[in-house]
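The opening residue of the sequence shown carries number 93 in my numbering; numbering runs sequentially from there. Just so it is clear, CB atoms sit at the ideal spot from N, CA and C, and this is done for glycine as well. Note that this is a predicted model, so its numbers are computed, not measured. First comes the structure, then the notes that go with it.
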Amino acid sequence: MPGRSGACCYVTSAGFAISCVIMKCESQVRAGLYLLLAALLREAPDERLLSQLGNLEVGEEDSDLAQALGSLKQIAPTVHPVELEREFHALFIGVTRGELMPYASWYLSGYLHERPLAWIRKDLRRLGIERSCETCEPEDHIAALCESMALLVLQAEESQERFYRCHLKPWVDRFFADLTQADAARFYRVVGRLGCVSVDRENRYFDA
93 MPGRSGACCY
103 VTSAGFAISC
113 VIMKCESQVR
123 AGLYLLLAAL
133 LREAPDERLL
143 SQLGNLEVGE
153 EDSDLAQALG
163 SLKQIAPTVH
173 PVELEREFHA
183 LFIGVTRGEL
193 MPYASWYLSG
203 YLHERPLAWI
213 RKDLRRLGIE
223 RSCETCEPED
233 HIAALCESMA
243 LLVLQAEESQ
253 ERFYRCHLKP
263 WVDRFFADLT
273 QADAARFYRV
283 VGRLGCVSVD
293 RENRYFDA
């Protein structure tokens, strides 16, 4: 998780993320979606987060976002944290590697710790964003990138579009599409669908 000006702490809680996604303010919805995806992709959700998801207030509008959030709300009460730990491990960790590799370097170069990671680190230094001392994942992990984007959105950084176009847009749609089709995924197929919807919203937001 990134921090600003040397801070080594999480941007915010998953509960705050959930409260943001149901608000009317576009920037809060965008930041909330990034934070929610980050929370779900950083580690398997615990009982508290599953409860929050199960109580999510979803609007009645017939939109892709409402449908994706509604699906997440429906599946959350049907899964157990231990079950999700196994699913998360199979998807992203594995014995030698998980079914999916949630890293920009992997999707853009076919290898880990390659130039895409170096470019991300350079931009994060320029923006004053540092990796948390509590995480072992590199900065090109999907959760870290979502957290960085949330921070830029919440602080209304002008550089958010450039960061998105350079470091997420070239690959993140493929990652979420892969997640919706992953053999080991059940709960995370729904997360993948939410990711696909969020990416489509971001593309339309920046192309407007």
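For residue i, the three-state DSSP class (helix, strand or coil)
i: I110; result: helix
i: E222; result: strand
i: V245; result: helix
i: C258; result: helix
i: E135; result: coil
i: G151; result: coil
i: R213; result: helix
i: E250; result: coil
i: C117; result: coil
i: D275; result: coil
i: F298; result: helix
Backbone CA spacing between residue i and residue j [nearest angstrom]
i: E253; j: F298; result: 7 Å
i: E144; j: L246; result: Here the sequence assigns Gln to residue 144, which means Glu is not the residue at that position. The alpha-carbon atoms of Q144 and L246 are separated by roughly 22 Å.
i: W198; j: L204; result: 5 Å
i: L176; j: G190; result: 14 Å
i: E152; j: A210; result: 43 Å
i: S201; j: L141; result: 34 Å
i: L243; j: G220; result: 11 Å
i: V121; j: R217; result: 26 Å
i: L237; j: V283; result: 16 Å
i: R223; j: A182; result: 25 Å
i: R213; j: L260; result: 14 Å
i: V171; j: F279; result: 8 Å
i: M193; j: D232; result: 11 Å
i: E226; j: R293; result: 31 Å
i: A301; j: T188; result: A query on residue 301 cannot be resolved here, the shown segment of the chain reaching from 93 to 300 and no further.
Which residues DSSP lists as bridging residue i, in chain order
i: H233; result: Y195
Close beta carbons around residue i, own chain, < 7 Å, minus the five adjacent residues each side
i: D138; result: P173
i: R285; result: A160, S163, T272
i: R134; result: A235
i: F268; result: G284, G287, C288, V291
i: S251; result: L219, L244
i: P262; result: L200
i: S97; result: Confidence at S97 is low in this model, with a pLDDT of 36, below 50, so the placement of that residue should be treated as unreliable; the coordinate-derived value is given next. The answer, listed in chain order, is G220.
Heavy atom of the ligand SAM within 7 Å of residue i beta-carbon
i: L209; result: Looking for the ligand SAM in the displayed structure turns up nothing, as the structure carries no ligands at all.
Interface flag, residue i vs chain D, CB-CB below 8 Å
i: S197; result: Chain labels in this structure do not include chain D; a single protein chain is all it has.
Close beta carbons around residue i, own chain, < 6 Å, minus the five adjacent residues each side
i: A99; result: Legend: pLDDT at A99 = 30, less than 50; position of this residue unreliable, value from coordinates given subsequently. For A99, where only same-chain residues beyond five positions count, there are no Cβ hits under 6 Å.
i: Y126; result: C238, M241, A242
i: G124; result: A109, C112, V113
ask   = Which full runs of the alpha helix (DSSP H) of 4+ residues lie inside the segment 154-210, going along the chain?
value = Complete alpha helix (DSSP H) runs here, min 4: 156-167, 173-184, 196-201.
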